[in-house]
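In our numbering, the protein residues as written are 107 to 331. Worksheet: the structure to be examined is printed underneath.
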Ligand SMILES: [Zn+2]
């Protein structure tokens with residue numbers, strides 16, 4: 107008996123279940139993938155990409171890291187982005203943050219340790235950039251959640267600034283970058299109202315203040331109880 111036999115048993119039951127509904131499902135998938143969406147999200151176990159949006163294997167291309175950060179020199183993330191945009195020709199890139207993010211909380215309160223401190227420095231840059239907004243909030247919980255939102259806004263900007271996306275727009279490829287935030291407390295994914303489909307959109311978004319960019323009802327009164 108292997109220690110992880112229960113996972114293998116789960117997998118067998120899952121695959122059998124899909125084949126009973128659609129006998130050709132895995133044959134089709136083995137020949138090609140044609141996802142329309144790239145999901146850039148947090149590695150948090152409570153935020154499983156496919157399950158949250160109820161998509162099957164083959165429908166969502168996924169990159170996850172701690173605190174859903176898009177760093178201009180991260181060749182892991184950039185390789186995923188390039189393959190998704192240039193080869194798979196996804197139509198949408200979703201940057202998905204989540205409330206209660208441990209990485210964001212650690213960044214906010216300087217609680218990182220070891221190598222992760224270096225990674226979270228990127229989120230601390232977001233914190234420092236918007237310190238005035240965060241200082242105006244009443245509780246640490248509110249500041250964490252607001253920084254989760256601000257972090258999504260910043261990372262959406264990083265995706266839009268990237269030459270992979272910029273070149274796709276220049277050649278007329280249909281590609282929209284979105285900012286979403288997920289709440290682990292109610293299972294609901296919220297559209298932050300950031301949908302950028304061109305360099306003109308990107309420029310227009312940059313003209314707005316950060317308060318206009320972050321969907322106010324998402325955070326308003328969330329932790330009053
Ligand atoms: Zn997280």
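Glycine is no exception: its CB is placed at the ideal position from the N, C-alpha and C atoms.
> Counting only beta-carbon atoms, is residue 267 nearer than 9 Å to chain C?
Replying inline: Protein chain content of the structure displayed is limited to a single chain, and chain C is not contained in it.
> From residue 329 to residue 312, what distance separates their C-alpha atoms?
Replying inline: Low confidence applies here, because residue 329 scores a pLDDT of 45, under 50, leaving its location unreliable and the question unanswered by this model.
>> So within the region 246 to 322, which uninterrupted alpha helix (DSSP H) runs reach at least 4 residues, ignoring any that extend past its ends?
In response: 246 to 267, 269 to 276, 305 to 313 and 316 to 319
> Under three-state DSSP, which class holds residue 183?
Replying inline: helix
>> For residue 112, report the span of its alpha helix (DSSP H) as first-last.
In response: 111 to 127
> Can you name, in chain order, every residue of its own chain whose Cβ lies under 7 Å from the Cβ of residue 240, other than the five neighbours on each side?
Replying inline: 233, 249, 252 and 253
>> Buried or exposed for residue 264, going by 16 or more other Cβ atoms inside 10 Å?
In response: buried
> Per the contact definition of three or more C-beta pairs closer than 8 Å, is the region 164 to 182 in contact with the region 140 to 150?
Replying inline: yes
> Does the distance from the CB of residue 261 to the CB of residue 159 come in under 9 Å?
Replying inline: no
> With burial defined as no fewer than 16 other Cβ atoms inside 10 Å of the residue's Cβ, what is the status of residue 273: buried or exposed?
Replying inline: exposed
> In the structure shown, what three-state DSSP assignment does residue 226 receive?
Replying inline: helix
> Is residue 173 near ligand 1, judged by its Cβ being under 8 Å from some heavy atom?
Replying inline: yes
>> residue 192 and residue 270 - do their beta-carbons sit closer together than 9 Å?
In response: yes
> Candidates 155, 285, 267 and 277: which alpha carbon is nearest residue 256's?
Replying inline: 285
>> So if DSSP puts residue 171 in a beta bridge, which residue, or which two residues, is it bridged to?
In response: 148
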